[in-house]
Every structure is written in C-alpha cells, then in structure tokens.
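All residue numbers for the sequence shown refer to numbering that gives the first Met the number 0, where the first residue is 0 and numbers rise by one. Beneath this line is the structure, given in structure tokens, with notes to follow.
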Amino acid sequence: MSQYKIIFTGPVGAGKTTAIESISDDPPVRTDASASDMTKKRKSETTVAMDYGIMNLDDGEKIHLYGTPGQERFDFMWDILTVGGIGLILLLDNTRADPFQDMRFFLDSFGQFISDTSVAIGVTQMDLSSKPTINDFHNQLEALELKVPVFAVDARVTNDVSILVQSLLFSLDPGLEDK
Ligand SMILES: Nc1nc2c(ncn2[C@@H]2O[C@H](COP(=O)(O)OP(=O)(O)OP(=O)(O)O)[C@@H](O)[C@H]2O)c(=O)[nH]1
Ligand SMILES: [Mg+2]
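Structure below.
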C-alpha cells in the first residue's frame, strides 16, 4: 500500500482548514486558536501549527493531507510540513486585496518544493468576488512563464476540493485513481 503526502497552503482565510475538513475521510486534526488580532470578520479562528486529514483512495492508497498556517508569523512550519510531500495545493482567497500578489508570494515561498514536485491552484470565495477571473489567473501565470492548473473552488464543497486534489495527483502520476 502506498502512502502519499500533499500540502495545502495559502493566505489566511483562503480555506485550507475547511478544504481538508471537506475531503478528509477521517475526522481531521486541526490546531486552530482564536485570532483576536484578525481583521477579518468572517472567521474568528486561525491555524497555528497545522491541519491534518487523510483520503483513502479506491486502490488502498492513502493521501495524507497537511495544511499550513496562513499567517506569516508561523512560516517556520511551512518548511517542516513540506518534508516528504509529493505536491502542493495553493488556495487563494479572491476577496483579498491582491490575489495575484498572494499567488506570487506563495509560489515564491514554496518555490524550491514546487520545482521538486508539482502545484495546483484553487481560487476560493469566487461567489463573493468574481474578479479576477480564472482566465485572468491563467494570463498571470503565463506572464510568469508557469504552467499550473487553476480551478474555482469552494473549500466547503467536497467535490470542488476533490477535483483540485485529483488534478494535482494526475499531474504527478496518471496511474493514481480517483476516489
Ligand atoms: N463564501 C465562501 N466562503 C468560503 C469559500 N471557501 C471557504 N469559505 C469560508 O472561508 C473560511 C475559510 O476559513 P479557514 O478554512 O479557517 O481558512 P484557512 O485558510 O485555514 O485560514 P488560516 O488557518 O487562518 O490561515 C471558512 O469560513 C469557510 O467556510 C467559498 O468559496 N465561498
Ligand atoms: Mg487554517
């Protein structure tokens, strides 16, 4: 039986904890603490160490899911959590001030890991803010000379997150079956 590890990252509130909760087959482990310093009204908790969940694939393979904290003051966890990982899911919150800047920042912060493995991007909160569009993200990535899959994702919707994870797995190993 093969075991794989993928990592979810992205800015505060992008939906990393929610996404792992949506697709984990076992109850996920989360390390959220109340975030009194957070300006965002939508949520009162933030991840301080990591999220952990697991997906059991049809053929007995297991995908371990790790979520990073979004806050940069916990960025020491980012390198720790990528060890042994096979790919990165980058979630971006389309309601933030500059989603392209967030994208560049995280692609750069995880640059070494991405060049060793693979990345797929999910843009959340598109129901609240429809711009930039997925096409705009494609154009940005093209300008950066990067070929990365990008999907509109609602982190609360299992199927959305599942498609994103499958696109990452498929880009790594076309033999990995879906759930
Ligand atoms: N309207 C809307 N809400 C969403 C969507 N995706 C996620 N959310 C909500 O956005 C919030 C995301 O919160 P978390 O999952 O804690 O975000 P996080 O990325 O883990 O944040 P940190 O741990 O603080 O870095 C939750 O309240 C979700 O229900 C979406 O596509 N649309
Ligand atoms: Mg979180």
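Beta carbons: idealized from backbone N, C-alpha and C, even for Gly. Predicted model, so just to flag it, every value in this text is computed and none were measured.
For residue i, three-class secondary structure by DSSP
{"i": "D92", "result": "strand"}
{"i": "K178", "result": "For K178, the predicted model reports a pLDDT of 45, less than 50, meaning its position is unreliable; a value from the coordinates is still stated below. Residue state, collapsed to three classes: coil."}
{"i": "D50", "result": "strand"}
{"i": "I85", "result": "coil"}
Outcome for residue i when other beta-carbon atoms lying within 10 angstroms are tallied against a minimum of 16
{"i": "S114", "result": "exposed"}
{"i": "G69", "result": "buried"}
{"i": "Q111", "result": "exposed"}
{"i": "L87", "result": "buried"}
Residue i versus residue j: straight-line alpha-carbon distance, rounded
{"i": "F104", "j": "A96", "result": "13 Å"}
{"i": "K146", "j": "S33", "result": "37 Å"}
{"i": "A48", "j": "F75", "result": "9 Å"}
{"i": "P131", "j": "Q100", "result": "12 Å"}
{"i": "N55", "j": "D25", "result": "9 Å"}
{"i": "T16", "j": "P27", "result": "9 Å"}
{"i": "I53", "j": "D92", "result": "23 Å"}
{"i": "N134", "j": "K42", "result": "28 Å"}
{"i": "P10", "j": "V164", "result": "18 Å"}
{"i": "L106", "j": "E71", "result": "14 Å"}
Paired residues, beta bridge with residue i - DSSP
{"i": "I113", "result": "I113 pairs with nothing; no bridge assigned."}
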